[in-house]
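So the structure is just underneath, and the comments pick up after that.
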Amino acid sequence: HRDLHSFPTRRSSDLWINTEDWEVVKKAITKDKDTIIKASNKAGIDPRIVLSVCIVEQLRLYNTQRELYEKVFKPLEILGNANKMAWGVMSIKESTAIKIENHLRDSNSDFYLGSKYQPLLDFSGDNPNDERYQRLTNEKDHSYSYLYGGLYINQIIHQWKKAGYDISSRPEITGTLFNLGFDKSQPKDNPVVGGSTVEINSIKYTFGSLSYEFFYSGEMMDDYPFIT
-1 HRDLHSFPTR RSSDLWINTE DWEVVKKAIT KDKDTIIKAS NKAGIDPRIV LSVCIVEQLR
59 LYNTQRELYE KVFKPLEILG NANKMAWGVM SIKESTAIKI ENHLRDSNSD FYLGSKYQPL
119 LDFSGDNPND ERYQRLTNEK DHSYSYLYGG LYINQIIHQW KKAGYDISSR PEITGTLFNL
179 GFDKSQPKDN PVVGGSTVEI NSIKYTFGSL SYEFFYSGEM MDDYPFIT
């Protein structure tokens, strides 16, 4: 078991897993079960890995936009969607979304997944910028959010595997790199867990460490079991 962070005064009642916020996220995520599994399978990635990133984005959003949480997310038990900087339930920036699309098409890229993945994000019209925005900010259908997110994670895993490092079962590393971006994804021995700080009940987690904690928490195992 990796020592990802140390909080000597943490009480079990304060942990993310025992908060009202997590109960709201869990109920909202349950509504998207079929969508998450379908999108993850398309992206060739373990749904639980995708979820380990999504729940961190949601818990962070719930704790940074408290007024919106109390008025909308909590009573409706829904996931937070878009803001000005990042879009959708996976909080993907436009620049990152474009890179995900480009990596699907570029067979010379270290992030290239293969020909079967190449058409997954093809656009149907002549205005890709608008279509991309509509895909990722659709409040009624989160399938593209999960698909982009799943492909993003799989592309990073593929890059590392190509370099001789298997991080497919390292949610703390995939979570960290999802948060930091493609440019920070540099395959190496002993990668460091980190990313943005997420504060819940005055406890500070890193993005990667909270991804890890969810993945191995046992939460939602019936719907999202470990894939071995």
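Per my numbering, the very first residue in the sequence shown carries number -1; after that it's consecutive.
The beta carbon of each residue, even a glycine, is placed where N, CA and C say it ideally should be.
{"Item": "So, using beta-carbon positions, are Thr172 and Ile47 closer together than 8 Å?", "Value": "yes"}
{"Item": "Assuming Val22 is part of the alpha helix (DSSP H), what are its boundary residues?", "Value": "Glu18 to Lys29"}
{"Item": "Checking the sheet assignment: what are the DSSP bridge partners for Glu99?", "Value": "According to DSSP, Glu99 bridges with nothing at all."}
{"Item": "Is it right to say Asp220 is buried, meaning 16 or more other beta carbons lie within 10 angstroms of its own, or is it exposed?", "Value": "exposed"}
{"Item": "Should His101 be listed as close to the ligand COA, given that the test is whether its C-beta is under 7 Å from any heavy atom?", "Value": "The model on display carries no ligand, and the ligand COA is accordingly not part of it."}
{"Item": "Within the same chain, show all residues whose beta-carbon is closer than 6 Å to that of Asn177, passing over the 5 residues directly before and after it, in chain order.", "Value": "Gly193, Ser194 and Phe205"}
{"Item": "Quick check on Gln56: buried or exposed, where buried means 16 or more other Cβ atoms within 10 Å of its Cβ?", "Value": "buried"}
{"Item": "To the nearest angstrom, report how far apart Lys69 and Glu211 are at their CA atoms.", "Value": "Note on Lys69: pLDDT 47, under 50, position unreliable in the model; the coordinate value appears next. Cα to Cα, the separation comes out at about 28 Å."}
{"Item": "Indicate the three-state DSSP secondary structure (helix, strand or coil) for Tyr203 in the structure shown.", "Value": "strand"}
{"Item": "Can you tell which of Asp181, Ser122 and Lys138 has its C-alpha closest to the C-alpha of Tyr150?", "Value": "Asp181"}
{"Item": "Mapping the DSSP letters down to three states, classify Val196 as helix, strand or coil.", "Value": "strand"}
{"Item": "Is the Cβ-Cβ distance between Ile98 and Tyr131 less than 8 Å?", "Value": "no"}
{"Item": "Would you report the Cα separation of Asn106 and Pro223, rounded to the nearest angstrom?", "Value": "34 Å"}
{"Item": "Contact check, Gly216 vs Ser38 under 8 Å by CB: the rounded distance?", "Value": "Going by Cβ atoms, the distance from Gly216 to Ser38 rounds to 19 Å, so no, they are not a contact pair."}
{"Item": "If contacts are defined as beta-carbon pairs under 8 Å, then Ser50 and Ser209 qualify, I think. What distance do you get, rounded to the angstrom?", "Value": "4 Å"}
{"Item": "Just the C-alpha distance for Gln157 and Asn127, rounded to the nearest angstrom, thanks.", "Value": "26 Å"}
{"Item": "Using the rule of at least 16 other Cβ atoms within 10 Å of the residue's Cβ for burial, across every protein chain shown, is Phe213 buried or exposed?", "Value": "buried"}
{"Item": "Would a C-beta distance cut-off of 8 Å place Gly42 and Leu111 closer than the cut-off?", "Value": "yes"}
{"Item": "Are Lys40 and Leu118 close, meaning C-beta to C-beta below 8 Å?", "Value": "yes"}
{"Item": "Assign Ile229 to one of three DSSP states: helix, strand, or coil.", "Value": "The structure shown does not extend to residue 229, since the chain is modelled only from -1 through 226, so no value can be given for it."}
{"Item": "Using beta-carbon positions only, say whether Ile155 and Trp14 come within less than 8 Å of one another.", "Value": "no"}
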